[in-house]
Every structure is written in C-alpha cells, then in structure tokens.
Amino acid sequence: MFIFTECLSNTGLGHLRRCTALAEIINEIAEDVFIVLHTDGTGLSDRFPVSIVVLDWKNREQRTAFLEGKNVDAIFVDSYLADEIVYEELQAWTKNLICIDDTNRIRYPIGSTILNPGYGGIHLEYDASKNRIATGGEYVLLRHPFREKISFPSTKENVESVLITVGGEDRWNLVPRILEIINADFPKWKKKILLGPAFLNLDEIKKKSDENTVLHSGLSAQEIRELMLSVDFAITAGGQTTYELLKCRVPMIIIETAENQRENIRGLSTEIPGLAHIDKDLISLRTESKRIVSYSFRNDLRERMRKTCLAGNEKIRSLLLC
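Each position in the sequence shown, counted from 1, maps to that position plus 9 in the working numbering.
Pasting the structure below:
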C-alpha cells in the first residue's frame with residue numbers, strides 16, 4: 010500500500026503531517042505501508058511510523074520503474090502539484106485509488122475515491138456520480154498522540170500564553186509582525202513559537218522576541234500536543250494544524266496563509282461558530298486578540314470544540330474496502 014505525497018520548501022509540510030497520520034492509521038491494520046515522498050530534503054528530519062521512499066514520483070519513468078512488478082492493494086495521493094494524467098496512470102496500478110483533496114483541484118479519475126479529510130469538503134461541489142466522496146470531521150487525519158485520550162486543562166481566568174504556528178515556512182513574514190502586535194498590546198503574555206523547517210526569517214523573529222518568547226523546532230507529535238495543551242490560545246495558519254488544535258480544544262485565531270486553506274477555514278467556521286479567522290495582512294489581529302481575552306468567550310469556544318467529532322480511524326480504514 011502506497012501513500013504518494015510531497016514536501017518541498019515552499020509547500021507540503023501539512024501534506025506530510027496528515028500522510029504520516031494516515032500511515033499510522035493504516036499501519037495498525039495492515040503491513041507493507043510506504044510513504045512515497047517527493048522532497049528537496051524538507052521534512053526528512055521528522056519521525057515516521059512507516060518506511061519512506063524518496064522519489065520524484067511525478068516523473069513517469071521514475072514512477073513506472075518503482076511500481077513495476079508490485080502488487081498494489083491501494084494507492085493514496087496527496088498533492089497540490091500532480092496533474093490529471095499522473096492520477097490516471099496511478100489508477101492503472103491499483104483497484105483502489107484514493108485522492109486526497111482540499112479544493113476540488115482537478116478532475117480525478119472516474120471510479121476513484123476523493124477524500125477531503127475535514128470540514129473543508131462540506132461546501133465543495135464534488136460529483137458523487139463519478140467518484141466516491143469521503144469528507145467531514147469523521148475523516149480527519151490525526152497523528153497518534155492526538156488520537157489518544159487527552160487530559161484537558163481547565164480554561165484559565167486570564168490569558169497568559171499564546172502559541173504562534175504558521176506552517177513549514179513563513180513566506181509572508183507573519184511571525185515577526187505578530188510578535189510586534191502582541192508585544193505592544195499584551196507584553197506580559199508568553200509567546201511560544203513553533204518554527205517550521207523552511208523558515209528563512211529566523212533572524213528577524215529573534216529581533217522581535219523578548220524575554221517572554223520561546224522558540225520551538227524539531228518537535229515530535231507528542232511534544233507538539235503537550236505544547237498546544239500548555240497555552241491559552243493559538244494564532245495559526247489554516248491547514249492541518251487547525252485539527253490538532255481543535256482536538257486539544259485550544260481556542261484559535263486562524264490566518265489564511267494560502268488560498269487552498271480557504272474551504273477548510275470556511276468549513277471550520279461553519280462547524281464552530283465564533284471561531285476567528287483573519288487575513289495575512291493581520292489588520293484584524295488586535296481586535297480578535299482582545300476578543301479572545303474574555304474568559305467566557307474562550308470557555309464557550311472550547312465547549313463547542315468538545316462537541317465536534319474528530320475520529321477518523323474506522324472511516325479511513327473503510328475506504329480500503331471496495
């Protein structure tokens with residue numbers, strides 16, 4: 010069973026994280042699960058539950074040479090870069106092609122499954138007459154520590170700390186600008202910053218940091234979970250991390266850092282009324298930060314989070330039965 014994905018310096022860390030979760034879920038019931046990863050080296054320092062094959066799998070010759078002679082039960086593909094022909098050719102190697110999608114990006118092969126693992130698929134017009142559609146909170150892909158029983162801290166009366174996480178890179182220079190705003194308006198808050206593997210603005214981040222700022226990098230999924238549970242709220246990009254924060258019931262302000270996050274943010278906002286989302290210009294950050302200071306607002310938001318259903322194990326495994 011193969012999971013084809015990518016992780017490059019400018020895209021794909023969220024893909025790799027959710028494909029890692031997918032591999033964990035499948036590996037609990039099946040053997041011989043592999044992640045086939047197109048990478049420039051980004052993400053390889055992560056810890057993986059299955060074997061990784063580094064391959065430019067969008068290259069037909071490399072892909073064919075890799076698959077030749079293999080009996081492939083199922084293929085998952087999670088890509089923003091592969092074109093339709095790649096999917097069609099992959100379908101020829103298996104009876105069960107599962108296309109992970111966030112935006113209804115392309116026309117996927119007829120007869121394949123489209124998996125939109127979260128609330129982002131609620132508003133998309135997939136063609137159920139041509140593809141099997143799997144979407145919603147019950148299909149969310151969570152890494153193992155986020156599927157374990159979690160001991161949730163109670164809501165604090167006052168905000169004392171914030172987690173800032175913007176993905177694998179910071180192409181919009183968000184972290185220094187967020188720090189500037191938080192330091193000016195809430196200087197006593199502890200700022201815990203999760204750095205991605207492709208950050209190019211570390212010097213500027215350090216210049217904007219103060220004695221209440223802590224930088225984190227290279228953390229395991231378990232360590233990330235504990236970090237999330239240690240803060241009062243988070244300022245986050247709108248990708249895969251939103252579901253890990255949701256599972257930990259961490260109130261959040263979501264920044265749309267890429268267009269492909271739009272439907273996910275829209276779906277989350279529908280499912281959890283009151284969830285804040287802002288543009289990457291950060292114009293609304295001060296207003297939303299002041300709103301989230303309210304104890305009752307944070308507590309109510311956490312209660313709405315508690316009522317969501319994020320349990321994808323059985324639903325994901327059911328996709329393998331076709």
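For glycine and all other residues, C-beta sits at the position ideal for the given N, C-alpha and C.
The structure presented is a predicted model; accordingly, all values stated were derived computationally and were not measured.
Terminal residues of the continuous beta strand (DSSP E) containing residue i?
| i | result |
| --- | --- |
| Met10 | Met10 -> no beta strand (DSSP E), and no H or E assigned at all. |
| Ser60 | Ser60 to Val63 |
| Ile287 | Ala285 to Ile287 |
On the DSSP letters alone, give me the boundaries of the alpha helix (DSSP H) that residue i sits inside.
| i | result |
| --- | --- |
| Thr250 | Thr250 to Lys256 |
| Arg295 | Leu294 to Ile301 |
| Thr103 | Premise fails: Thr103 is in no alpha helix (DSSP H) and is neither H nor E. |
| Phe57 | Careful: Phe57 lies outside any alpha helix (DSSP H) and carries neither H nor E. |
| Gly276 | Arg271 to Glu280 |
| Ile214 | Leu211 to Lys217 |
| Thr73 | Arg69 to Leu76 |
| Glu312 | Tyr304 to Arg315 |
| Glu147 | Run containing Glu147: none; DSSP gives neither H nor E here. |
| Ser7 | The chain is shown only over 10 to 331; residue 7 falls outside these bounds and no answer can be derived. |
DSSP on residue i, reduced to helix/strand/coil?
| i | result |
| --- | --- |
| Ser170 | strand |
| Leu238 | helix |
| His24 | helix |
| Arg180 | coil |
| Asn140 | coil |
| Asn125 | strand |
| Ala193 | helix |
| Ala243 | strand |
| Ala39 | coil |
| Phe155 | helix |
| Val45 | strand |
| Leu291 | coil |
| Leu336 | Nothing can be reported for residue 336, as the shown portion of the chain is limited to 10 through 331. |
| Leu188 | helix |
| Glu134 | coil |
| Ala230 | helix |
| Lys220 | Per the sequence presented here, residue 220 reads as Glu, with Lys not at that position. Three-state DSSP puts Glu220 in coil, outside helix and strand. |
| Ile94 | helix |
With a CB to CB cut of under 8 Å and the five nearest residues on each side skipped, what residues in its chain are close to residue i?
| i | result |
| --- | --- |
| Arg234 | Pro154, Phe155, Ile159, Glu253 and Cys257 |
| Leu291 | Leu183, Arg186, Ile187, Ile190 and Ile264 |
| Pro196 | Asp219 and Asn221 |
| Tyr96 | Val86, Leu106, Cys108, Ile115, Tyr117, Pro118 and Ser121 |
| Arg27 | Asp87, Ile109, Pro126, Leu150 and Gln249 |
| Lys324 | Ala143, Glu147 and Tyr148 |
What does DSSP give as the partner residues of residue i in its beta bridges?
| i | result |
| --- | --- |
| His225 | Leu203 |
| Met261 | Ala243 |
| Cys108 | Val86 and Ile123 |
| Val81 | Thr103 |
| Leu17 | Thr20 |
Once the 5 residues before and after residue i are set aside, which same chain residues still bring their CB inside 7 Å of it?
| i | result |
| --- | --- |
| Ile287 | Ile262, Ile264, Ser293, Leu294 and Glu297 |
| Gln357 | No information on residue 357 is available, as it lies outside the stretch 10 to 331 that the chain covers here. |
| Ile38 | Arg326 |
| Ser54 | Pro206 and Gly227 |
| Ile83 | Per the sequence shown, the amino acid found at residue 83 is Ala instead of Ile. Around Ala83: Met10, Thr103, Asn105, Ile107 and Leu329. |
| Pro162 | Leu238 |
| Phe306 | Arg300 |
| Tyr8 | The shown model of the chain, from 10 to 331, leaves out residue 8, and the question about it has no answer. |
| Asn36 | Val42, Pro58 and Val59 |
| Ile274 | Gly247, Ile263, Glu265 and His286 |
So, at 6 Å on beta carbons, what are the nonlocal neighbours of residue i in its own chain, with the 5 sequence-adjacent residues on each side left out?
| i | result |
| --- | --- |
| Ile81 | It is Val, not Ile, that sits at residue 81 in the sequence shown. Correct list, in chain order: Trp102 and Thr103. |
| Val259 | Met237 and Ala243 |
| Gln270 | Gly247 and Gly248 |
| Ala30 | Leu150, Leu151 and Arg152 |
| His225 | Leu203 |
| Asn125 | Asp110 and Thr144 |
Under 8 Å: does the beta carbon of residue i sit that close to some heavy atom of the ligand GTP?
| i | result |
| --- | --- |
| Val171 | By its list of ligands, the structure shown contains no ligand whatsoever, and the ligand GTP lies outside what it can speak to. |
- Item | Cβ contact (3+ pairs, closer than 8 Å) linking the stretch 41–52 and the stretch 63–73 | yes
- Item | Cβ contact check for the stretch 121–136 and the stretch 265–281: 3 or more pairs under 8 Å | yes
- Message: For the structure I just gave you, are there three or more beta carbon pairs, one from the stretch 134–141 and one from the stretch 199–211, closer than 8 Å?
- Response: no
- Query: If you pair each beta-carbon of the stretch 138–157 with each one of the stretch 207–215, do three or more pairs fall below 8 Å?
  - Reply: no
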